[in-house]
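Start counting the sequence shown at 0; every next residue gets the next number (numbering that gives the first Met the number 0).
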Amino acid sequence: MICPQISFLNVRRIVLILNISICILFTVLQIDRLLAIADFGPLEENSKLDQSDLSRSEASDTSASSIKSNLFGIDHEVLNKQIMEYKKTKVKEVEGIGLLEQQQEQLAEIRKQMKMRKKKTKEYFDNDITPQRYLLDKYDYLDADVSSQENELEYELQEMTSEVEVAVEEDGK
0 MICPQISFLN VRRIVLILNI SICILFTVLQ IDRLLAIADF GPLEENSKLD QSDLSRSEAS
60 DTSASSIKSN LFGIDHEVLN KQIMEYKKTK VKEVEGIGLL EQQQEQLAEI RKQMKMRKKK
120 TKEYFDNDIT PQRYLLDKYD YLDADVSSQE NELEYELQEM TSEVEVAVEE DGK
């Protein structure tokens with residue numbers, strides 16, 4: 000089903016849709032079909048039909064097909080056959096790849112060990128500071144500044160008192 004479109008010279012394109020749900024369904028199906036072809040190549044049923052059509056056309060037009068098949072010095076028929084064989088073997092190899100139960104158990108054991116190592120290293124390394132700890136450290140720092148200032152004042156007071164005592168002793172002698 001094709002959604003009709005009308006366009007004029009200076010008028011925007013107008014799309015008349017007779018049944019929106021049918022048109023949407025059609026476009027979704029068409030997109031899915033195109034994506035499937037892009038991912039997996041043409042369907043086997045279609046490729047078989049295409050191959051039978053090609054064999055019929057080859058029988059009728061042998062000279063035209065030889066010109067088309069040997070374009071730019073490349074034999075496209077042979078190339079397409081090789082590509083299809085490669086795709087088939089690739090699919091078979093993917094299906095054949097499977098881990099044995101013993102290998103799966105070993106893999107699970109290794110994963111457990113890796114998780115344990117991560118947990119152990121995470122427990123020892125805690126460089127995160129909480130807001131409460133930040134405020135306590137800040138007030139401790141301020142208290143240390145105040146206490147150091149008080150200590151300086153006490154030290155100056157002791158020096159002055161010792162100077163006064165020395166001066167009093169000298170005057171008394």
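Think of the CB as a built atom: it goes at the ideal place given N, C-alpha and C, for glycine as much as any other residue.
With a cut-off of 8 Å on the beta carbons, I'd call G40 and K86 a contact; round off their distance for me.
6 Å
Measuring only the C-alpha atoms, how far is G171 from E162?
14 Å
Distance check for I73 and F25, CA to CA, integer angstroms please.
38 Å
Quick one: residues in its chain with C-beta nearer than 8 Å to the C-beta of E158, no 5 flanking neighbours on either side, listed in chain order?
none
If you draw a straight line from the C-alpha of T112 to the C-alpha of P130, how long is it?
Note on residue identity: the sequence assigns Gln, not Thr, to residue 112. Near 34 Å, if we compare the C-alpha coordinates of P130 and Q112.
Give the range of the alpha helix (DSSP H) segment to which I19 is assigned.
I19 to F39
DSSP on L141, reduced to helix/strand/coil?
helix
Assign L152 to one of three DSSP states: helix, strand, or coil.
helix
Taking buried to mean at least 16 other C-beta atoms within 10 Å of its own C-beta, is E153 buried or exposed?
exposed
By DSSP, does I128 sit in helix, in strand, or in coil?
coil
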